[in-house]
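Take the sequence shown: its letters are residues 32 to 459, numbered as in my numbering. Don't be surprised by glycine CBs; every beta carbon is placed ideally from N, CA and C. This one's a predicted model, so the numbers in the text were calculated from it and none came from an experiment. Quick notes on the structure that follows.
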Amino acid sequence: MTRTLGFDTLQIHAGSRPDPATGARQTPIYQTTAYVFRDADHAAKLFNLQEVGYIYSRLTNPTVAALQERMATLEGGAGAVCCASGHGAQIMALFPLMGPGRNVVASTRLYGGTVTQFSQTIKRFGWSAKFVDFDDTDALAAAIDDDTRAIFCESIANPGGYVTDLDAVAKVADSAGVPLIVDNTTATPYLCRPIEHGATLVVHSMTKYLTGNGTVTGGVVVDSGKFDWSASDRFPSLSAPEPAYHGLKFHETFGALAFTFHGIAVGLRDLGMTLNPQAAHYTMLGIETLSLRMQRHCENAVKLAKWLENDPRVAAVTYAGLPSSPWYERAQRICPKGASSLFTFSLKAGYDACVKLIDSVEIFSHVANLGDTRSLIIHSASTTHRQLTPEQQAAAGAAPDVVRLSIGIEDAEDLIADLDQALSKATG
Ligand SMILES: *Cc1c(COP(=O)(O)O)cnc(C)c1O
32 MTRTLGFDTL QIHAGSRPDP ATGARQTPIY QTTAYVFRDA DHAAKLFNLQ EVGYIYSRLT
92 NPTVAALQER MATLEGGAGA VCCASGHGAQ IMALFPLMGP GRNVVASTRL YGGTVTQFSQ
152 TIKRFGWSAK FVDFDDTDAL AAAIDDDTRA IFCESIANPG GYVTDLDAVA KVADSAGVPL
212 IVDNTTATPY LCRPIEHGAT LVVHSMTKYL TGNGTVTGGV VVDSGKFDWS ASDRFPSLSA
272 PEPAYHGLKF HETFGALAFT FHGIAVGLRD LGMTLNPQAA HYTMLGIETL SLRMQRHCEN
332 AVKLAKWLEN DPRVAAVTYA GLPSSPWYER AQRICPKGAS SLFTFSLKAG YDACVKLIDS
392 VEIFSHVANL GDTRSLIIHS ASTTHRQLTP EQQAAAGAAP DVVRLSIGIE DAEDLIADLD
452 QALSKATG
């Protein structure tokens, strides 16, 4: 067939061929650490990167490779590297680009854990981050300096219901010759494909909607294959000779797959944040129903957000899928099929009522996760965003009177009834 396959077909078939050894139709879990070499020459070629194959599961594993191919396909990228977590994927995305003294320019609207990783932990590597409001493209352009090696944002930002104008940000990144990394966790490739809006790399926490049922911790970096790593001398890990591989130059040798090969041959080899084959299997099972779940997640989120918006106990709802949102028009352009199911609302009765609400829900689970089939609730200021200063909390949309919801795929009417009774207890 010469047809371009649709998303629903690809989410089931991409990367997953019948097992060549047994014909098993579902991708087997290759629960093995190592692979037998055909002979000494074969082994030498694999270690020299002259032939692609399996050596050791810290680097490559057939189950994980199937998931990598599926994710690269769904995002429209050239290649992908799976990692043990979303945070692992962020380090793996930055690792080939950064070095001591280099910086990443990041959006102020980010997952709380990412703000901590970028503002604190990466300093230990000699890297730093500058946080900017990405709606101010002049400020973004001004923040980029000679040491900037990446620009980082989320397509739909966690937790505030904010959507980044990826096209505008990509334009700034492009004219500065710096790669744009987009965390597409909240949107998933079903709702948004950042590469089509100019992203160089896409990272995911597969822990969330991709696996979709709260069973796995995983991450992935997808490379568009479009960035010219050799256009300047700013990305020597990819453009200059690599001593550990007899002076091989990744970009010259692997072209559009340079970043992916480097991620496996150097990143996973030496940082070791590898996804295990069991986790890859669960994630692929989840992805098979991604589009169906995301449709229902979005449908339910719209119903709940509208109901909350009209409730007198609620001060405000921030959901880019509501016409009242300042980012509604932008969402229609960046993620036209829906604004995902993560949003926040604030209570007129403030902090104490938020805490009481969370203790009163019956169907919603109070957990620090999102993107589950189950509906989830959390008070960000006292949990996920606790490490941040009050200014950072407010900038991230996690002020003390704000509750975050991740709407699941249950009956919307049951979810509304649950919030209604909990709101009565919290404010009564
Ligand atoms: C959860 C999350 C992460 C971190 O992913 P882990 O799999 O928990 O390491 C990063 N970015 C966003 C947007 C997330 O929601």
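Within 7 angstroms: the Cβ of residue i and any heavy atom of ligand 1?
i: SER396; result: no
i: THR248; result: yes
i: TYR221; result: no
i: TYR313; result: no
i: ASN244; result: no
i: ASP214; result: yes
i: LYS257; result: no
i: HIS73; result: no
i: THR444; result: A small fix is needed here, since residue 444 is Glu in this sequence, not Thr. Outside the cutoff, so no.
i: GLU24; result: Nothing about residue 24 can be read from this structure; the chain reaches only from 32 to 459.
i: TYR142; result: yes
i: HIS328; result: no
i: LYS379; result: no
i: THR238; result: yes
i: ASN189; result: yes
i: SER150; result: no
Give the secondary structure of residue i by DSSP, where H, G and I count as helix, E and B as strand, and everything else as coil.
i: HIS410; result: coil
i: GLU100; result: helix
i: PHE266; result: coil
i: ALA111; result: strand
i: TYR477; result: No answer is possible for residue 477: the residues shown for the chain start at 32 and end at 459.
i: SER206; result: helix
i: GLY298; result: helix
i: VAL213; result: strand
i: ILE187; result: strand
i: TYR66; result: coil
i: SER261; result: coil
i: GLU227; result: helix
i: VAL146; result: helix
i: ARG48; result: coil
i: LEU36; result: coil
i: LEU80; result: coil
i: LEU41; result: helix
i: ASN331; result: helix
i: HIS416; result: coil
i: LEU446; result: helix
i: GLY317; result: helix
i: ASP166; result: coil
i: PRO421; result: helix
Less than 8 angstroms between the C-beta atoms of residue i and residue j, yes or no?
i: VAL433; j: SER396; result: no
i: THR314; j: VAL209; result: no
i: VAL136; j: LYS154; result: no
i: THR63; j: SER88; result: yes
i: HIS282; j: LEU299; result: no
i: PHE266; j: LEU128; result: yes
i: TYR193; j: GLY428; result: yes
i: ALA230; j: SER255; result: yes
i: THR291; j: GLY119; result: no
i: LEU141; j: ALA188; result: yes
i: THR199; j: THR168; result: According to the sequence provided, residue 199 is Ala. The question's Thr does not apply to it. It is a contact, given that the beta carbons lie within the stated cut-off.
i: SER322; j: PHE38; result: yes
i: ASP205; j: ASN134; result: no
i: PRO59; j: ASP70; result: no
Which same chain residues, not among the five before or five after residue i, have their C-beta less than 6 angstroms away from its C-beta?
i: ALA443; result: ASN331, LYS334
i: ALA172; result: VAL203
i: ALA207; result: ILE175
i: PHE149; result: ALA137, ALA160
i: LEU279; result: GLU273
i: ALA287; result: ALA109, GLY256
i: ILE182; result: VAL136, ALA204, VAL209, LEU211
Based on DSSP bridge pairs, tell me the residues matched to residue i.
i: ASN134; result: SER159, THR179
i: THR375; result: THR349, ARG435
i: SER355; result: Answer is none; SER355 lacks a bridge partner.
i: GLY250; result: CYS114, SER236
i: VAL194; result: ILE187
i: LEU279; result: GLU273
i: TYR87; result: ALA65
i: HIS73; result: DSSP lists no partner for HIS73.
i: HIS397; result: ILE408
If you drop the 5 nearest sequence neighbours on each side, which residues of the same chain put their C-beta closer than 7 angstroms to that of residue i?
i: GLY107; result: ARG224, ILE226, GLU227
i: ALA45; result: GLU100, ARG101, THR104, LEU105
i: VAL233; result: GLU106, GLY108, VAL213, ASN215, PRO225, ILE226, VAL253
i: ALA347; result: PHE376, SER377
CB-CB under 8 angstroms to residue i, same chain, minus the five flanking residues each way: which ones, in chain order?
i: PRO439; result: A quick correction: the sequence has Gly, not Pro, at residue 439. HIS328, ASN331, SER372, ASP403, THR404, ARG405, SER406, LEU407, LEU446, listed in sequence order.
i: VAL163; result: VAL136, ALA137, SER138, THR139, ALA170, LEU171, ALA174
i: ALA275; result: VAL297
Taking 7 angstroms as the cut-off, does the CB of residue i come closer than this to any heavy atom belonging to ligand 2?
i: ASN307; result: With respect to ligand 2, the structure offers nothing, as its ligand set consists of ligand 1.
Counting only beta-carbon atoms, is residue i nearer than 8 angstroms to chain E?
i: THR94; result: The question asks about chain E, but that chain is absent: this structure has only one protein chain.
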